[in-house]
Structure formats: C-alpha cells, structure tokens
Amino acid sequence: MANTDLYNYILGIADNSLILGQRLGELCGHGPNLETDIALTNISLDLIGQTRSYYQYAASFSEEYKTEDDIAFLRLEREYRNVLLVEQPNTHFGFVIGRQYLFDVYHYMLMDELQNTKDDTLQAIARKCIKEVSYHKRFSGDWLKRLGDGTEESHQKMQEAINGLWRFTNELFELTESEDAMIKAGIGVDVSKMKEHYYAEVSLLLNEATLQVPERKNFTSGGKKGTHTEHFGYILSELQYMQRTFPNMTW
Amino acid sequence: MKKNWPLWEVFVRSKNGLEHRHFGSLRAADAEMALENARDVYTRRNEGVSIWVVESKHITASNPKDHGELFEPAQDKVYRHPTFYNLPDDVKHM
Amino acid sequence: MSEKEVKNMEDIFEARIARDEKIEPKDWMPEKYRQTHIRQISQHAHSEIVGMLPEGNWITRAPSLRRKAALLAKVQDEAGHGLYLYAACETLGITREQMYEQLHTGKAKYSSIFNYPTVTWADIGAIGWLVDGAAIINQVPLCNTSFGPYARAMVRVCKEESFHQRQGFEIMLTLCNGSSEQKAMAQDALNRWWWPSLMMFGPTDAESVHTEQSMKWKLKRKTNDELRQQFIDQTVPQADILGLSIPDPDLKWNEKEGHYDFGAIDWDEFWQVVKGHGPCNKERMDARVSAWENGTWVRDAAMAHAEKKEMKNRKAG
C-alpha cells in the first residue's frame, strides 16, 4: 500500500530528528560554556520542531496513530527507523560535535533534494528545514575544526570520536523498501546517490581539521530497519516514560 | 593553558531601516564563534536581521571624568536646535 | 583621595541615585556599592544557571513533544538570562570565571529553591507557576534599579520570562483537568513547593540585614515581607482556579487587612538549605562543577585554534 510506504518514509526522516533532538536535550545545562549550551539547545529545538511537522503529517493519514505524540511515544523499539548514528551517546563533547557534523552533512543534502519532491507537505517542510540544517552544519563544522586543530588533547579526542562514529555513516545511504518505493513515486530522495559527494565533503573538512579520514570499511547498520544499538532502549525508557506510566492522558 | 574566551560586544539591527543597537556581550574564542553565539543568544525571538560583533578590547570609551569638557560645552549651543529660531505663527511646515 | 573627598563623592553619588539617575560601569562608585552589586548580580546569575538543572532533569522525559519543546526553550532562556547577568556583572571588574570559581567553591550563593528535587512532571508545572511567579515579583522592580547594566539585563530577562509562568500554570491546569492521578500529582507538587516558594523572598524584615541599603540603591523597592504577602495574595486565587488546596491550615482571608493571613514558615529548614544541607545542594554543585571541568579541554581547544588562525592571518597579511 502506497500510504504505508509514505508513512514509513516520513518516519525514516523524522525519527532521526527526534532521537538526535532527544540526545541533545540530555546536554541542556551541562555544556562546556553557557554560549555553547544555548547553541546546542537551539539545534535540539529545531530538530524537535521538525519532528512535530513530520509526525503531524504522518498522523494525518495513519490508521494506527492519531497524533504526533502517539507516533513519538507509543511505538515499540523495533518500529523506530532512525539511523544508528543519531542514537550514539554523548560520550564527550567530541562525540557530540562529530555525531552532529556527520549527520548534518547528510541531512543538508537530503533536505536540499527533498525540496524537489512531488509531495507538497514534505516539500514545505524541507524548505523550512534546509535553513535550519544549513546553520547546524556550519556550527558543527566550525566546532569540528576547532577541536581537531585546537590542542593535542582536543585533536586526539576529536579523532577518537570520528573513529568511533565512522562505522555508522554508511547506513545513511542504504535504501529501505519504502525508500525505493517513494523514489519510484517521485516523492523520495535517492540518498544512495549522495554517498560519494558526502564522503568527499566530509573528508575535505576532516582534512582541514587536521584529522585523519578513516577507511571506508567495517560499517554497521540496522537502525533504518528497526534493529538498534543497545543504547536505544534507554533512550526510549526516558522518552516514553510518562506516556507508558500514565497511558491515555492529556498533558 | 589558562586563557579564557575573550569578551565581545554584540550589536543587532532589529529590522532594515534601523541602526545596529548594542544588545549585550558574550564570550567567544573567535569572530565566527562570536557571530554564531550572538545569533543563538540574542536573536532567539526573532529580534534581528543583521549582527555586528566586536571584541570588547577594541572599543575605546570616553571617561566619565571628562564629562565636563566633552559634553557640557554642547549644552549652551542652543542655536543648533530648530526651536532656537522664532518664526511668525503664519509660517507653516518649517 | 582623602577621607573627606571620598565622603563628598559619596554624597554626590547618593544624590544622583536619589534623582533616579543611572550609574554606569565607568562612573565613580563607592566600593561598597560595587561589592554589593557584584554579590547580588552574580548570585542572581548563579541562580539562573543552577536553576537549569532541576528543570533540565525533565527534558528527556517530557510527556509530549509540545511540552518538550517548551521546556527546552525555557531552560535555554535561563542559560540566556544567566549570560546577560554575568555580562552585566563583568562590567564591575570581575570575570565570569572568577564568579564560577566563587560558585564552585561555595563562596557565592544562589537561590535555595533549586536545591529541592523535581520528582514528578507536576514539579515542572509547580516551578513555572510558583517559583517563576515569585521570581517575577522579585525581579520586575529591578528593571528600574540604579545600576544601568543590571537594569538593562533585567528588562530583557523580564520580557522573556513572561512565558515561563504561563507555561507552568498551563501545565498545572492541564493536570488539574485530567485524571485523578494527574490531579493528585499536581496537589503533591504544590504541597512540596509552596513553602520553599515563600522562602524565596528571604528572611523576615526583622532578620534581613541588607534591606535598608538595598532600598536606597534601588536594588529593592519593597521589603521581603511585603513581597511575600503580594505573592500569597495573588497566588491563592490561582490555586482556587486550579482546584488545589494550599498546604497551610492557617491560611485565611483577613477582611480587615485585605490580605491573606498565613502560617509560620519553617526558618530552620530555610537556613539548613542556605547553609548547604538541602536535599540537592550537593548534586547541583557536582553537576555545575563537572560541566565546567569536563568543558575545559573544549574551551582551551577553541582558544588555541583561534590563536593559530590569527597567527596564520598575520603571516598571510
């Protein structure tokens, strides 16, 4: 059914924003400086806002879920379609920046292309998102350069983060069945075609940041198909806590 | 290393047609960061269309001690103001 | 300067404030004025950033996306307010790092209210409604205080703060219109936050050491007890609208005075928390200190990168 594919396609994009927004939300009040705290919260707010637009659209035709919150809070772990990259923990600030940048470059390319979709609602969302994501990429890219080039310690920490997160990057470009169907329908973006461009852009910035570009091998994936890392259950246990403890209530 | 991020002054133009106005200060390691921080800190509620940042140490300020010599001489130059000139009531629009 | 000259300067200074003139950072000011302002403004700034912690505790667990976004925005505002206030304080010749140092070593205080835990979602509502409500009463008069940078920061803070209390009240109202469990959660939160909120106005006038001087410098317009009474008088009818009961058996309307009479505040508890023995003093400080210490390498890296870049530019230029 076409609607199922569209629904899955929307969630495949939206869940990334939700989970990354949630991860950034954990940091609020704990950043290295007030200014940085405020900046990261802005990114989190952008992502949560995007999530709401997508879920509202998906809920408008879903048979199972009536509201954005049903979709956000009531699914089972295997039903979340975000990539593994965005669920990785805030191990240290290098990981926060690395995760953000590796996602932002992809996210920007996706939004750029999604503006050409035949689906009017997705097009409107993409047109709004692209401006936000463009700023995210600028912010995370600038910070990646600072940390890579900064001190010996920061260089080593940033390299550690890039090395640790690199294996999750290939999944960004893997296509699910729903993506295939939506590409054929002129709605979805063929992200597999963006891959070389992505690695070229990321490599350029890593070089500028005096960091080594890891080899493109030993990748891992699964999030898009609902097989997540062990971190994910803990994310959900916080995210869903209220809705699970007090079902069917208004907040 | 024990060097703190320097202080920057932030000036924001609320909308085109208005001048940049001093909005406040913040800490940033470099100019790009100061600009980004200014955007995140001072324009969260859509307060601006343009931002200037300048490192605080580059601002030269007058000293309140010199208030007398700097500003008081201007107080009696009333002829610089239009109300100094008497016109007949019949003259309109001047 | 001789003692007599200083006295003369002080008289001129006090007269300026009495005429409602603003004092700006480079103006001459008595040392006591400077120190009092450093103490009060930095304490205020510290309260904002420590205040991020109890509410930040619920960001990942907010019950809806709308609530999550609103809470994030609110906690972020508090970071912003802390920043405005630190910047205002820096104009008096102290750095933000020195102020952090004072906070982290326990030399500087912050509002004791944030040493209470947020144990349920209703606490987020209660904080917005009661704690921000009390804060607004304390803060609005400061928009007119004598020290220019503080007054300007407060204008911005008050403008932004107006949504916080509404947000809190809306959370409470939704709970009170909800299930019996939700209503019980709201009542429980009110029970726990009511008395600490009253303590936010500080010791009684008889006990308060700073009031007279603060009045003169327009750091205060009304006394602690007057402000506390104002808060109670405006909050009790709001609790009625929510259908919640204020946890004070002695609370009753005094027709003759036109005020609510209220029961005795447990000042032992107040001093206990001020002295560092509240339920969360240790957790709050640990969180601030570790955020700052874990951020050291990040701040250093940014500085090092900026310096390298400048060197490069200089060579190129």
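Residue numbers (numbering that gives the first Met the number 0), protein chains in the order written: chain A, 0 to 250; chain B, 0 to 93; chain C, 0 to 316.
Where a beta carbon is used, it is the ideal one built from N, C-alpha and C, also for glycine.
Nothing here was measured: the structure is a model prediction, and the numbers come from that model.
Check each candidate in C:243, C:224, C:262, C:282 and name the one with the smallest Cα separation from residue 172 of chain C.
C:243
Leaving out five residues on either side along the sequence, give the residues of the same chain with a beta carbon under 8 Å from the beta carbon of residue 0 of chain A.
Caution is warranted here: a pLDDT of 47 is assigned to residue 0 of chain A, below 50, making its placement in the model unreliable, and the coordinate value is therefore given only provisionally. Here the set comprises nothing.
Backbone secondary structure at residue 19 of chain B - three-state DSSP:
strand
Own chain partners of residue 54 of chain B with C-beta closer than 7 Å, once the 5 adjacent residues on each side are dropped:
5, 7
Residues of chain B with a CB under 8 Å from the CB of residue 96 of chain C: which are they?
3
Three-pair Cβ contact test at 8 Å for the region 48-63 of chain C versus the region 109-129 of chain C:
yes
Could you pull out every residue in the same chain whose Cβ sits closer than 6 Å to the Cβ of residue 64 of chain A, ignoring the five residues on either side in sequence?
58, 70
If contact means a Cβ-Cβ distance below 7 Å, which residues of the region 28-57 of chain A contact chain B?
32, 34, 37, 38, 41
Kindly list, in the order they appear in chain C, the residues whose Cβ is closer than 8 Å to that of residue 37 of chain B.
Neighbours of residue 37 of chain B on chain C: none; closest Cβ ~11 Å, over 8 Å.
Opening and closing residue of the alpha helix (DSSP H) in which residue 220 of chain A lies
First-last for residue 220 of chain A: undefined, no H or E at that position.
Taking a contact to mean a Cβ-Cβ separation below 8 Å, would you say residue 258 of chain C touches residue 232 of chain C in this structure?
yes
Please determine, among C:211, C:200, C:254, the residue with the shortest C-alpha to C-alpha distance to residue 266 of chain C.
C:200
Can a CB atom of chain B be found closer than 8 Å to the CB of residue 150 of chain C?
no
Within chain C, partners of residue 241 of chain A - CB distance below 7 Å
60, 62, 120
Test item: CB-CB of residue 67 of chain B and residue 12 of chain B under 8 Å:
no
Among the candidates A:151, A:29, A:231, A:13, whose CA atom is the shortest distance from the CA of residue 286 of chain C?
A:29
In three-state DSSP terms, what is residue 73 of chain C?
helix
Going by DSSP in three states, residue 25 of chain B sits in which element: helix, strand or coil?
strand
Helix, strand or coil for residue 23 of chain C per DSSP?
coil
Using the three-state DSSP reduction, which class does residue 12 of chain B fall into: helix, strand or coil?
strand
Pull the bridge partners of residue 54 of chain B from the DSSP assignment, please.
B:7
Since residue 264 of chain C and residue 192 of chain C are thought to touch, with beta carbons under 8 Å apart, how far apart are those beta carbons, to the nearest angstrom?
Actually they are not in contact, since the Cβ atoms of residue 264 of chain C and residue 192 of chain C sit about 14 Å apart, beyond 8 Å.
Is there contact between the region 102-112 of chain C and the region 294-313 of chain C, where contact requires at least three CB pairs shorter than 8 Å?
no
Could you tell me the distance, in whole angstroms, from the CA atom of residue 102 of chain C to the CA atom of residue 39 of chain C?
13 Å
Continuous alpha helix (DSSP H) stretch holding residue 115 of chain C: start and end
It is not in any alpha helix (DSSP H) - residue 115 of chain C carries neither H nor E in the DSSP assignment.
Just to confirm my understanding: we take residue 117 of chain A, look at its own chain, exclude 5 residues before and 5 after, and list those with CB closer than 7 Å. What are they?
185, 186
Among the candidates A:241, A:233, A:208, whose CA atom is the shortest distance from the CA of residue 303 of chain C?
A:208
For residue 103 of chain A and chain B, any beta-carbon pair shorter than 8 Å?
no
For residue 60 of chain A, decide whether its Cβ has a neighbour in chain B, counting only Cβ atoms nearer than 8 Å.
no
Selection from A:149, A:200, A:221, A:188 that minimises the alpha carbon distance to residue 100 of chain A
A:200
Consult DSSP for residue 193 of chain C and reduce its assignment to one of helix, strand or coil.
helix
Got a sec, what are the start and stop residues for the alpha helix (DSSP H) residue 135 of chain A sits in?
119-148
Same chain, Cβ closer than 6 Å to residue 191 of chain A, five either side skipped, listed in chain order
172, 174
Just to confirm the assignment: which complete alpha helix (DSSP H) runs, minimum length 4, are found wholly within the region 39-111 of chain A?
67-72, 83-86
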